[in-house]
Amino acid sequence: MKWAIADVVGVREETPTARTIMLRIPGWTGALAGQHIDIRLTSPDGYQAARSYSLSSAAGAEFASVSIELMPDGEVSPYLVRGVSVGDQLEVIGPLGGWFVWKPTQPEPLRLIGGGSGIAPLVSMLRTHAEAKSTAPAHLLYSVRSPDYVYFRDELDALAAAADAEVTIQYTRHAPQGWTGTVGRLDGARVTSWAASTAPADGGTVSTYICGPTRFVELAADTLVATGADPLTVRTERFGGA
Amino acid sequence: MGIVTPGFFGKRREADPHLPPGQYETKDFPVLSAGPTPNIHEGEWEFSITNESGDVKRWSWDEFMALPIENVDTDIHCVTRWSKFDTKWRGVSLDTLFAEIETDADFTMAHSYGGYTTNVPLEDLLEGKAWVAFEFDGEPLDPEHGGPARLLVPHLYFWKSAKWVTGLTMHETDELGFWEVNGYHAYGDPWKEQRYYYDS
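Protein chains in written order, with UniProt numbering: chain A, 1 to 242; chain B, 1 to 200.
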């Protein structure tokens, strides 16, 4: 595998601080849902910085997309979120990673828990699920600050319908007008009740994928294990410090 | 070198000799784990080394704490590109543990609570290069960071420093561990940027 020069073929603002970048990568033959690519930037004096970003595109998508949150003190994300335009070129390598992946051949129910930008690989899984016409029951729990910060806002409902998935959004600060659900941090009680409401009637195996900030992932994963999930069925991807 | 990215200048303007290629320094301590954090109590913790004949040497937590303990001050390098300088650990040197082991095998597999594994050549664990660490920055090691005890092999990418470590098995050949099967490099030298399986 080698670094490739990808063309930016689309950019879309997801939230005030995040955007999706669509890339045409030479030789790209798709990915597994949940995999990432590395993007490398090179300054005029040869200094390079690379970071890993989860793919948000479906496994078989012609164009790979990444959905990137701007880290205010970051080195790479400010450039990608604010600086890149259609027609630019970026160096990329991938797809990478073989653990935090979902394959349409997995028949068991699928539980996805995302916090903030942690939604990106989970949307890749939902898109892949929809395109493969998987019959695995799918549930997404998405914790997000406020309506403005919902990634993929315009397509989540359609995607949920296409994947026959049930999407639950937990607004942690502000809910949209007319919202009848609760507002507040995703705590153990909320995870427990969501897990209970999405548990298969036959008590069979569920595969769970959790992606988000470290504290968020710790809480969600610990809660699921405490309520009986087999730790080996819970796959996690964390970002940020503890 | 690849293409220049117009308008990108980056943050780090001077090469830092402590920083392996492609890494950046963080003051934070990011957490990367494949699954939920196991909760292992010291009373149930056990460490063992199994040689190629199947002989097992075991240490309980109390037995482990009675071994000579070393202070380790080292830089660490994560394959996800952060490096952290001057981290302070306490632990037992693998030299101390292997003094009691009879083996002619050249390779080890580290095993963790939770089922994870990582492969490390034996020579990378000896001669003051590796520890089983149970304290970070003067405090008992947090479960998120691998407590009660983790392997510490700071000259390799940090996934080799297996969290929640419970033992080593000796092998005649180099077999791949969990992350290595899942796309990471078999050896993982940060100075050679051996991140992924295809890196030479």
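Yeah, the Cβ is synthetic: ideal placement off N, Cα and C, and Gly gets one too. Quick caveat, the model's predicted, so the values are computed rather than measured.
Legend entry - Ala242/A, DSSP secondary structure in three states: Counting from 1 along the first sequence, the entry for residue 242/A is found at position 242. Low local confidence applies: a pLDDT of 47 at Ala242/A is under 50, so the model's placement there is unreliable, with the coordinate-based value given in what follows. Reduced to three states, the DSSP call for Ala242/A is coil.
Inset, instruction - Report yes if the C-beta distance between Gly166/B and His111/B is below 8 Å; otherwise report no. - result: As a first step, residue 166/B is located in the second sequence; it is residue number 166 there, counting from the start. As a first step, residue 111/B is located in the second sequence; it is residue number 111 there, counting from the start. According to the sequence displayed, residue 166/B carries Thr and not Gly. It is a contact, given that the beta carbons lie within the stated cut-off.
Inset, instruction - Kindly list, in the order they appear in chain A, the residues whose Cβ is closer than 7 Å to that of Ser161/B. - result: Here the question's residue 161/B lines up with position 161 in the second sequence. Contact annotation for Ser161/B against chain A: no contact, minimum CB-CB distance about 16 Å [criterion: below 7 Å].
Legend entry - For Phe98/B, three-class secondary structure by DSSP: Counting from 1 along the second sequence, the entry for residue 98/B is found at position 98. In the structure shown, Phe98/B falls within a helical segment according to DSSP collapsed to helix, strand and coil.
Inset, instruction - Report the option in Ala34/B, Gly10/B, Val120/B, Thr96/B whose CA atom is closest to the CA atom of Gly105/B. - result: The residue labelled residue 105/B in the question sits at position 105 within the second sequence. As written in the sequence, residue 105/B is Ala, which differs from the Gly given in the question. With distances taken between Cα atoms, Ala105/B lies closest to Val120/B.
Inset, instruction - Pull up the distance between the alpha-carbon of Val66/A and that of Pro200/A, whole angstroms please. - result: Taking the first sequence and counting its residues from 1, one reaches residue 66/A at position 66. Taking the first sequence and counting its residues from 1, one reaches residue 200/A at position 200. The alpha-carbon of Val66/A is positioned some 32 Å away from that of Pro200/A.
Legend entry - Ala195/A versus Ile169/A - alpha carbon distance: Indexing the first sequence from 1 puts residue 195/A at position 195. Indexing the first sequence from 1 puts residue 169/A at position 169. Rounded to whole angstroms, Ala195/A and Ile169/A show a C-alpha spacing of 14 Å.
Legend entry - Assigned exposure category for Glu108/A - 16 Cβ within 10 Å defines buried: Within the first sequence, the letter at position 108 stands for residue 108/A. Result: exposed.
Legend entry - Residues bridged to Gly167/B (per DSSP): Taking the first residue of the second sequence as 1, we reach residue 167/B at position 167. Note: Gly167/B is bridge-paired with Ser48/B, His111/B in the DSSP secondary-structure output.
Legend entry - Under the three-state DSSP convention, the category Ser124/A falls into: Position 124 of the first sequence holds residue 124/A. It is helical.
Inset, instruction - Out of Pro16/A, Met1/A, Ile21/A, point me to the one whose CA is closest to Val9/A's CA. - result: The count along the first sequence starts at 1 and reaches residue 9/A at position 9. With respect to the C-alpha of Val9/A, the residue from Pro16/A, Met1/A, Ile21/A having the closest C-alpha is Ile21/A.
Inset, instruction - Determine, using beta-carbon pairs with one atom in the stretch 152–160 of chain B and one in the stretch 65–82 of chain B, whether at least three such pairs fall under 8 Å. - result: With the cut-off at 8 Å, the stretch 152–160 of chain B and the stretch 65–82 of chain B touch.
Inset, instruction - Work out the CA separation of Glu144/B and Ala242/A for me, nearest whole Å. - result: Locating residue 242/A in the first sequence gives position 242, counting from the first residue. Locating residue 144/B in the second sequence gives position 144, counting from the first residue. Model confidence at Ala242/A stands at a pLDDT of 47, short of 50, so the residue's coordinates are unreliable and nothing is read from them.
Inset, instruction - Say whether the stretch 52–71 of chain A touches the stretch 16–32 of chain A, bearing in mind that this needs 3 or more beta-carbon pairs closer than 8 Å, one atom from each stretch. - result: Inter-segment contact for the stretch 52–71 of chain A and the stretch 16–32 of chain A is present: three or more beta-carbon pairs are separated by less than 8 Å.
Legend entry - Residue closest to Gly203/A, alpha-carbon to alpha-carbon, out of Asp230/A, Asp38/A, Pro78/A: Taking the first sequence and counting its residues from 1, the one referred to as residue 203/A is at position 203. Taking only the C-alpha atoms, the option nearest Gly203/A is Asp230/A.
Inset, instruction - Inspect the beta-carbon positions of Thr172/A and Arg145/A and report whether they are closer than 8 Å. - result: As a position in the first sequence, residue 172/A is number 172, starting the count at 1. As a position in the first sequence, residue 145/A is number 145, starting the count at 1. Result yes, Cβ atoms of Thr172/A and Arg145/A sit closer than 8 Å.
Legend entry - Cβ-Cβ distance between Tyr184/B and Tyr198/B below 8 Å: Residue 184/B sits at position 184 when you count from the first residue of the second sequence. Residue 198/B sits at position 198 when you count from the first residue of the second sequence. Taking the C-beta atoms as reference points, Tyr198/B is found no nearer than 8 Å to Tyr184/B.
Inset, instruction - Could you please give the first and the last residue of the uninterrupted alpha helix (DSSP H) stretch that includes Leu90/A? - result: Position 90 of the first sequence holds residue 90/A. That residue, Leu90/A, is in no alpha helix (DSSP H); its beta strand (DSSP E) goes 89–96.
Inset, instruction - Check whether the Cβ atoms of residue 201/B and Pro148/B sit closer than 8 Å, and answer yes or no. - result: Because chain B is modelled from 1 through 200, residue 201/B falls outside the range shown and cannot be assessed.
Inset, instruction - Put Ile3/B into one of helix, strand or coil per three-state DSSP. - result: The residue labelled residue 3/B in the question sits at position 3 within the second sequence. DSSP places Ile3/B outside both helix and strand once states are collapsed to three, so it counts as coil.
Inset, instruction - Could you give the DSSP three-state label for Lys192/B: helix, strand or coil? - result: Counted from its first residue, the second sequence places residue 192/B at position 192. Residue state, collapsed to three classes: helix.
Legend entry - Rounded straight-line distance, which links the Cα of Val92/A to that of Ala50/A: Taking the first sequence and counting its residues from 1, the one referred to as residue 50/A is at position 50. Taking the first sequence and counting its residues from 1, the one referred to as residue 92/A is at position 92. Pairing Ala50/A with Val92/A, the inter-Cα distance amounts to about 9 Å.
Legend entry - Length of the line joining the Cα atoms of Leu125/B and Ser52/A: For the purposes of this step, residue 125/B is taken as residue 125 along the second sequence, with counting starting at 1. For the purposes of this step, residue 52/A is taken as residue 52 along the first sequence, with counting starting at 1. Each residue's alpha carbon lies about 29 Å from the other.
Legend entry - Nearest-angstrom beta carbon gap, Ala6/A and Gln89/A [assumed within contact, 8 Å]: In the first sequence, the residue the question calls residue 89/A occupies position 89. In the first sequence, the residue the question calls residue 6/A occupies position 6. About 7 Å separates the Cβ atoms of Gln89/A and Ala6/A, confirming a contact at the 8 Å cut-off.
Inset, instruction - Would you check if the distance between the CB atom of Arg235/A and the CB atom of Thr208/A is smaller than 8 Å? - result: Residue mapping note: residue 235/A aligns to position 235 of the first sequence, counting from 1. Residue mapping note: residue 208/A aligns to position 208 of the first sequence, counting from 1. Contact check for Arg235/A against Thr208/A passes: the beta carbons are separated by less than 8 Å.
Legend entry - Length at least 3, wholly inside the stretch 41–103 of chain A: the beta strand (DSSP E) runs in chain order: As summarised for the stretch 41–103 of chain A, the continuous beta strand (DSSP E) elements at least 3 residues long and confined to that stretch are 48–54, 64–69, 89–96, given in chain order.
Inset, instruction - Kindly list, in the order they appear in chain B, the residues whose Cβ is closer than 8 Å to that of Ala221/A. - result: As a first step, residue 221/A is located in the first sequence; it is residue number 221 there, counting from the start. Taking a Cβ-Cβ cut-off of 8 Å, the neighbours of Ala221/A in chain B comprise Gly35, Pro36, Thr37, given in sequence order.
Inset, instruction - Flag Glu102/A as yes if its beta-carbon sits less than 8 Å from any beta-carbon of chain B, otherwise no. - result: Sequence index remark: in the first sequence, residue 102/A carries index 102 (1-based). It is Trp, not Glu, that sits at residue 102/A in the sequence shown. Answer no: the Cβ-Cβ gap between Trp102/A and chain B never drops below 8 Å.
Legend entry - Residue from Phe216/A, Thr135/A, Ile210/A with nearest C-alpha to Leu232/A: Here residue 232/A corresponds to residue number 232 of the first sequence, with the count starting at 1. The residue among Phe216/A, Thr135/A, Ile210/A with its C-alpha nearest the C-alpha of Leu232/A is Ile210/A.
Legend entry - Within 8 Å, strictly: CB atoms of Leu112/A and His139/A: In the first sequence, the residue the question calls residue 112/A occupies position 112. In the first sequence, the residue the question calls residue 139/A occupies position 139. One thing to note: Leu112/A has its Cβ within 8 Å of the Cβ of His139/A.
Legend entry - Classification of Val31/B by the beta-carbon crowding that lies within 10 angstroms, buried from 16 upward: As a position in the second sequence, residue 31/B is number 31, starting the count at 1. With 16 or more other Cβ atoms within 10 Å, it is buried.
Legend entry - First and last residue of the uninterrupted beta strand (DSSP E) at Gly114/A: Within the first sequence, residue 114/A is the residue found at index 114, counting from 1. Run containing Gly114/A: 110–115, per the beta strand (DSSP E) assignment.
Legend entry - Bridge partner(s) assigned by DSSP for Glu25/B: Position 25 of the second sequence, counted from the start, is the residue given in the question as residue 25/B. For Glu25/B, which the question treats as bridged, DSSP gives the partners Ser83/B.
Legend entry - Option nearest Leu122/A by Cα separation, candidates Gln35/A, Val225/A, Val11/A, Thr105/A: Numbered from its first residue, the first sequence carries residue 122/A at position 122. Looking at the Cα atoms, Gln35/A is the closest of the given residues.
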